[in-house]
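Undergrad: The following block contains the structure, expressed as structure tokens.
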Amino acid sequence: MFRKLFPLLLALMASLPLMASDAIKWSSDFPAIPDDYGYAGAFAGVIGKNDSPRTLVIAGGANFPDADPFTSNVGKAWHDTVFTIPLEGNSLKAAGTWTVSGAKLPLPLGYGASATLPHHGSALFIGGSYKVDGEEIFSNKVYEVTIANGNPVFTEVAQLPTGTSYMAAATIDKNVYVFSGQGAEGEIEQALVLDTSSDNRSDWQWKSMPWPEYSEGVPARARAHYTIGTIGNKLFVFGGRAKQLAGDHRVHKDDVNDLYGTDDFRDCYVYSPGATDAAAGTWARVADLPTAISAAPTNAVPAGASHLLVLGGVDLATLVDLQDKDKYPSLNNARHGFDHPGFPRKVLAYHTITNTWAEQSEIPAEMKAPVTAPVVIAGNDFLVPSGEWSPKLRTSNVLAGTITPPIPDFGWINWSVVAIYLLGMVGVGYWFMKREAASSTEAYFRGGQKIPWWVAGLSIFATMLSALTFMGIPARAYQTDITWYIGQLPILLVAPLVAFCYLPFFRRLNITSAYEYLEKRFGLGVRVFASLSFILFHIGRIAIVLYLPALAVSGVTGIPVTTAIIVISVLCIIYTVMGGIEAVVWTDAIQAMVLIGGALLCFILVVFSLDGGMGELFTIAQADDKLFSNLEWGSFDIKDGTAAVSVLFLAFTFNALVPYTSGQDVVQRYVTTSDEQAARKSLWTTMWMSVFGSLIFFGLGAAIYAFYKTHPDLLSPAMAKTDSILPFYIVQQLPVGVSGLIIAAVFAAAQSTISSSLNSSATAYIKDFDSRLFRPGRDDKTYLRAAQFVVTGIGILGTIVAIIMAKSDIESAFKTFNSIIGLTAGSLGGLFALGIFTRKANGTAALIAAFIGAGVVITLFLTEAPVTGLLYAFIGFATCFVLGIILGTIMPAKPQQLKGLSFSTIKDIGKD
């Protein structure tokens with residue numbers, strides 16, 4: 000029934016284009032190599048470190064140096080010629096012209112491997128072959144290439160174990176990997192890695208790696224002319240060919256090349272280096288190529304967050320087609336000649352997440368599609384210098400490409416939907432301003448304690464669910480699996496604990512700032528520490544929550560990042576200033592419903608777009624381990640990437656407990672309702688919204704995975720961040736208007752978090768600093784104006800930082816700073832628990848414990864200790880709590896510091 004209605008739904012609204020556009024911008028502007036014939040199998044590398052003069056070096060290779068190699072007796076010649084050209088900055092744009100260097104390769108070599116070493120500003124030219132008296136010799140030499148006095152210098156470094164040619168190399172971090180290849184006795188079963196981290200070249204030694212398996216217990220075939228590539232710190236090997244081995248079941252029946260006596264391969268593999276020893280990693284077989292491909296330019300080009308592009312190559316279908324003498328009458332008996340159509344131009348895209356192949360685009364017809372050519376890669380740019388475009392024919396041209404995101408067309412209807420939503424939020428703020436919701440600090444910070452419990456509950460849910468979470472949870476499920484859903488279940492324990500053990504103190508002490516409790520229990524110093532930590536963290540959080548969603552939305556809608564940041568922040572500041580906490584919680588409630596409704600609608604539409612509906616979704620998710628199969632029930636692994644159930648449950652329990660008990664943005668909602676019972680109901684609302692809402696988000700990610708698993712051609716290789724997959728799907732696949740609504744939900748998620756941070760930070764500042772320390776005893780209007788000024792100031796500051804992040808390269812450093820400030824959160828949770836559940840520590844003991852707790856976590860973070868960041872809240876909490884108890888035996892609390900302030904004396908709240 001529903002599947003019959005779905006086409007009708009789509010017919011009611013014009014749909015956006017469904018196909019992913021070409022991710023490569025091709026160019027023939029790079030100067031051609033100054034040689035009449037060009038080279039196949041040349042070496043290539045970039046010499047020079049970033050931000051210093053850089054030079055592209057092309058050396059060696061082989062060709063047939065004759066104007067008509069098809070009728071003359073000229074044989075293949077190997078060369079030692081070296082060409083250099085300066086590059087612009089860190090790009091691959093030419094900054095001058097080619098120079099034929101006076102330096103020569105030590106040997107006339109070709110068909111080896113090249114690897115650029117950015118950390119040394121050098122390159123390695125590895126192995127290769129050369130001719131001596133008509134015999135092909137395979138070299139085990141490895142040369143490090145540097146520049147001295149304007150000329151390349153070739154220094155011999157670590158030799159290969161055996162002479163190898165027709166192979167490729169790749170660099171991950173400071174390790175160079177070489178796989179298989181051909182030697183004097185045929186294809187070589189070897190996989191090697193060279194650690195180049197040392198400045199002492201004598202330390203460089205090749206180490207053997209494991210060999211991949213075709214199937215369990217069956218080794219993969221050794222091969223030459225494969226394509227290698229790296230992305231996400233993993234090494235990939237695609238295709239290749241080897242001398243024919245009759246009846247080998249590892250060769251697809253359509254890939255037995257009787258024309259040339261080879262087995263052509265379509266099997267592919269991925270290598271994950273060991274954490275401490277690159278040679279101690281593991282191989283896995285990945286999806287086969289659609290058809291066997293060999294001799295494609297290598298390396299494969301990394302594109303976006305999770306694609307590798309294979310540029311052309313040789314396939315058997317092309318070779319068979321060339322045998323048609325009626326179709327190609329001018330070719331000679333070997334099917335060579337000037338009228339040869341050239342090698343295939345198709346670009347195949349491998350997607351590492353869905354493990355799928357798709358034909359992405361083609362090398363433009365006006366450009367020659369080379370094979371047996373090196374690929375030089377820098378950032379989003381790549382070059383394919385020279386190469387063989389047809390048997391015996393080389394090109395001197397340099398093929399240039401740039402991975403370029405497509406320019407989206409979001410459309411005026413979608414933008415209208417987003418605009419209506421955003422202006423509606425401002426309208427809510429204006430309405431509450433007219434209702435005098437901002438007439439006093441009591442109204443501005445606590446809403447006159449007349450907020451309905453369900454609105455407060457939705458507000459807490461929306462506050463905790465930022466735009467990063469709205470996009471990040473589906474992205475995680477899409478990229479990995481839904482195992483982290485287990486982390487949403489501890490809220491079933493945390494909510495009752497908060498409702499019955501913490502909430503009575505916040506309500507019965509009649510506080511506005513959560514940190515007022517800490518002063519009553521431990522003293523002013525603890526209150527200042529906690530409040531300042533909260534404010535600093537939220538200033539940084541505003542910038543991050545503004546910048547990252549704006550970046551993701553910009554990539555799929557075309558709106559400039561800066562514009563998105565300003566629109567989100569300015570409108571959010573306006574309605575927060577105008578309407579105070581009432582505007583914040585009511586807009587949060589609306590935004591929570593938009594978030595859940597948008598995610599649910601998106602999930603339904605994705606499922607309907609699958610041919611098999613929910614059944615197909617479940618089948619794919621189960622087959623690809625997207626559900627709970629990766630959970631480790633008996634493990635206690637605490638390292639990053641852990642799937643240990645016990646560790647995840649413990650970590651997420653404290654990740655929820657800390658903000659629900661010590662975060663001003665959450666605690667402030669508890670005191671906006673009419674009484675304690677209503678506040679408790681708001682927690683039950685949040686609890687069930689978290690359990691069921693997050694299930695929708697995780698399910699949405701798995702559904703999007705299933706969609707692109709079955710439609711890999713619709714993925715854009717230019718997608719820079721996996722976190723953009725939800726907005727990418729929305730804009731690409733959903734009907735006009737619907738996509739606008741769900742993009743509005745992304746804005747909603749950002750605004751709900753930002754408005755909460757603005758109002759709660761202003762509350763903390765006014766209550767904990769201005770009225771308590773800086774200007775005590777002023778009239779209420781003074782503090783109200785100050786609060787509105789603080790909201791505006793913090794909002795502007797967060798916006799400026801977000802714009803700076805968008806315009807410069809400080810994102811990583813700023814996120815590190817913000818993370819460090821946030822690492823104090825565990826200690827804050829520990830302080831509240833220490834005060835409520837123990838009778839030991841006084842203020843000095845609590846403050847020392849809090850500083851040490853934060854220091855432990857910050858140390859773990861800065862030293863990159865092998866502990867998952869998910870445990871930081873628990874570690875900070877536990878350190879502060881336990882140490883506080885211990886120190887409390889030395890520095891105990893006085894009886895008057897406990898009365899009505901600990902769980903054992905809760906009955907005394909309000910008594911003198």
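For the sequence shown, numbering that gives the first Met the number 0 begins at 0 and goes up steadily by one. From the three backbone atoms N, C-alpha and C, an ideal C-beta is built for every residue, glycine too. In this text, all values refer to a predicted model and were calculated from it rather than measured experimentally.
Using 8 Å as the Cβ pair cut-off and three pairs as the minimum, do the stretch 278-286 and the stretch 306-326 touch?
TA: Touching, no, given that fewer than three Cβ pairs across the two stretches are closer than 8 Å.
Undergrad: Which parts of the stretch 388-429 are runs of the beta strand (DSSP E), unbroken and 3 residues or longer, counting only runs that do not cross its ends?
TA: 397-402
Undergrad: Ignoring anything shorter than 4 residues or poking outside the stretch 772-844, list the alpha helix (DSSP H) runs there in chain order.
TA: Restricting attention to alpha helix (DSSP H) runs no shorter than 4 residues, the stretch 772-844 encloses them at 779-806, 810-821, 824-836, ordered along the chain.
Undergrad: Can you grab the Cα-Cα spacing for the pair V800 / A542, in whole Å?
TA: Against the sequence shown, residue 800 aligns to sequence position 801. Against the sequence shown, residue 542 aligns to sequence position 543. Distance between the alpha carbons of V800 and A542 is about 6 Å.
Undergrad: Looking at the structure shown, is D67 part of a helix, part of a strand, or coil, going by DSSP?
TA: By one-based count along the sequence shown, residue 67 stands at place 68. Residue state, collapsed to three classes: coil.
Undergrad: For a minimum of 3 consecutive residues, which ranges assigned as the beta strand (DSSP E) are wholly contained in the stretch 22-66?
TA: 23-26, 42-46, 53-58
Undergrad: For the alpha helix (DSSP H) containing I567, name the first residue and the last one.
TA: As a first step, residue 567 is located in the sequence shown; it is residue number 568 there, counting from the start. Element bounds for I567: 560-608.
Undergrad: Whole angstroms are fine: how far does the CA of T170 sit from the CA of P272?
TA: What you label residue 272 is simply residue 273 of the sequence shown in a count that begins at 1. What you label residue 170 is simply residue 171 of the sequence shown in a count that begins at 1. Cα to Cα, P272 sits roughly 12 Å from T170.
Undergrad: Please state whether the Cβ-Cβ distance between G554 and S723 is less than 8 Å.
TA: Taking the sequence shown and counting its residues from 1, one reaches residue 554 at position 555. Taking the sequence shown and counting its residues from 1, one reaches residue 723 at position 724. Yes, the pair counts as a contact, with Cβ atoms nearer than the cut-off.
Undergrad: So what's N139 in DSSP terms, helix, strand or just coil?
TA: Position 140 of the sequence shown, counting from 1, holds the residue named residue 139. Here N139 sits in coil by DSSP.
Undergrad: Evaluate the contact criterion for the stretch 713-732 versus the stretch 473-488: three or more CB pairs, one atom per stretch, below 8 Å.
TA: yes
Undergrad: Suppose you measure from the CA of Q663 to the CA of T479; what does that come to, to the nearest Å?
TA: What you label residue 663 is simply residue 664 of the sequence shown in a count that begins at 1. What you label residue 479 is simply residue 480 of the sequence shown in a count that begins at 1. Cα to Cα, Q663 sits roughly 33 Å from T479.
Undergrad: Quick one, are the C-beta atoms of N298 and A167 less than 8 Å apart?
TA: Walking along the sequence shown from the start, residue 298 turns up at place 299. Walking along the sequence shown from the start, residue 167 turns up at place 168. Yes, the pair counts as a contact, with Cβ atoms nearer than the cut-off.
Undergrad: Ignore the nearest five residues each way along the sequence and tell me which others in V346's own chain have a CB closer than 8 Å to its CB.
TA: The sequence position of residue 346 within the sequence shown is 347, counting from 1. Closer than 8 Å at the Cβ level, and outside the excluded window around V346, lie I23, L308, V309, L310, G311, E358, Q359, S360, E361, I362.
Undergrad: What is the DSSP secondary structure of T98, counted as helix, strand or coil?
TA: The residue given as residue 98 occupies position 99 in the sequence shown. T98 falls in the strand class under three-state DSSP.
Undergrad: Sorted by chain position, which residues of the same chain lie with C-beta nearer than 8 Å to F431's C-beta, five sequence neighbours on each side aside?
TA: Residue mapping note: residue 431 aligns to position 432 of the sequence shown, counting from 1. A437, M577, G578, G579, E581, A582, W585.
Undergrad: At the level of alpha carbons, what is the spacing between G185 and L159?
TA: Translated into the one-based positions of the sequence shown, residue 185 becomes position 186. Translated into the one-based positions of the sequence shown, residue 159 becomes position 160. When rounded, the distance between both Cα atoms is 16 Å.
Undergrad: Note down the Cα distance separating R200 from I146, rounded to an integer number of angstroms.
TA: Here residue 200 corresponds to residue number 201 of the sequence shown, with the count starting at 1. Here residue 146 corresponds to residue number 147 of the sequence shown, with the count starting at 1. Taking the straight line from one Cα to the other gives about 17 Å.
Undergrad: So G303 and P716 are supposed to be a Cβ contact under 8 Å. How far apart are they, rounded?
TA: Counting from one through the sequence shown, the residue named residue 303 turns up at place 304. Counting from one through the sequence shown, the residue named residue 716 turns up at place 717. Correct: roughly 5 Å between the Cβ atoms.
Undergrad: Which class does K893 belong to by DSSP, given the choice of helix, strand or coil?
TA: Translated into the one-based positions of the sequence shown, residue 893 becomes position 894. Three-state DSSP puts K893 in coil, outside helix and strand.
Undergrad: Span of the alpha helix (DSSP H) holding H537?
TA: Indexing the sequence shown from 1 puts residue 537 at position 538. Where H537 is concerned, the enclosing alpha helix (DSSP H) stretches over 523-556.
Undergrad: Find the nearest neighbour of T98 within the set K898, L86, I847, H335, judged by alpha-carbon distance.
TA: Walking along the sequence shown from the start, residue 98 turns up at place 99. With distances taken between Cα atoms, T98 lies closest to L86.
Undergrad: Is the Cβ-Cβ distance between R220 and R249 less than 8 Å?
TA: Your numbering for residue 220 matches position 221 in the sequence shown. Your numbering for residue 249 matches position 250 in the sequence shown. Yes, the pair counts as a contact, with Cβ atoms nearer than the cut-off.
Undergrad: Quick one: give me the first and last residue of the beta strand (DSSP E) that D623 is part of.
TA: As a working mapping, residue 623 is identified with position 624 in the sequence shown. Run containing D623: none; DSSP gives neither H nor E here.
Undergrad: Do you know how far the Cα of A94 is from the Cα of F381?
TA: What you label residue 381 is simply residue 382 of the sequence shown in a count that begins at 1. What you label residue 94 is simply residue 95 of the sequence shown in a count that begins at 1. Put simply, the backbone Cα of F381 is about 16 Å away from that of A94.
Undergrad: Could you please give the first and the last residue of the uninterrupted beta strand (DSSP E) stretch that includes P489?
TA: As a position in the sequence shown, residue 489 is number 490, starting the count at 1. Element bounds for P489: n/a, residue is neither H nor E.
Undergrad: To the nearest angstrom, how far is it from the Cα of Q896 to the Cα of F831?
TA: Residue mapping note: residue 896 aligns to position 897 of the sequence shown, counting from 1. Residue mapping note: residue 831 aligns to position 832 of the sequence shown, counting from 1. Looking at the two C-alpha atoms, the distance is approximately 14 Å.
Undergrad: Count the other C-beta atoms from every protein chain shown that fall within 10 angstroms of the C-beta of Y176, then say buried if there are 16 or more, exposed otherwise.
TA: Here the question's residue 176 lines up with position 177 in the sequence shown. Result: buried.
Undergrad: Put N758 into one of helix, strand or coil per three-state DSSP.
TA: Locating residue 758 in the sequence shown gives position 759, where the first residue counts as 1. N758: helix per DSSP, three-state reduction.
Undergrad: If you draw a straight line from the alpha carbon of A844 to that of Y659, how long is it in whole angstroms?
TA: As a position in the sequence shown, residue 844 is number 845, starting the count at 1. As a position in the sequence shown, residue 659 is number 660, starting the count at 1. Rounded to the nearest angstrom, the two C-alpha atoms are 24 Å apart.
Undergrad: Assign Y259 to buried or exposed, taking buried as 16 or more other Cβ atoms, counted over all protein chains shown, within 10 Å of its Cβ.
TA: Taking the first residue of the sequence shown as 1, we reach residue 259 at position 260. Its Cβ having fewer than 16 others within 10 Å, Y259 is exposed.
Undergrad: So within the stretch 331-359, which uninterrupted beta strand (DSSP E) runs reach at least 3 residues, ignoring any that extend past its ends?
TA: Counting only runs of 3 or more, we get 345-350.
Undergrad: How many angstroms separate the CA atom of A41 from the CA atom of Y142?
TA: The residue you call residue 41 lines up with position 42 of the sequence shown. The residue you call residue 142 lines up with position 143 of the sequence shown. Cα to Cα, the separation comes out at about 14 Å.
Undergrad: Excluding the five sequence neighbours on either side, which residues of its own chain have a C-beta within less than 7 Å of the C-beta of P407, listed in chain order?
TA: For the purposes of this step, residue 407 is taken as residue 408 along the sequence shown, with counting starting at 1. Around P407: V555, T556, G557, V730.
Undergrad: Looking at the unbroken alpha helix (DSSP H) that takes in A474, where does it start and where does it end?
TA: Locating residue 474 in the sequence shown gives position 475, counting from the first residue. Element bounds for A474: 466-478.
Undergrad: Can you tell me whether DSSP reads I765 as helix, strand or coil?
TA: In the sequence shown, residue 765 corresponds to position 766, counting from 1. Of the three classes helix, strand and coil, the one that applies to I765 here is helix, per DSSP.
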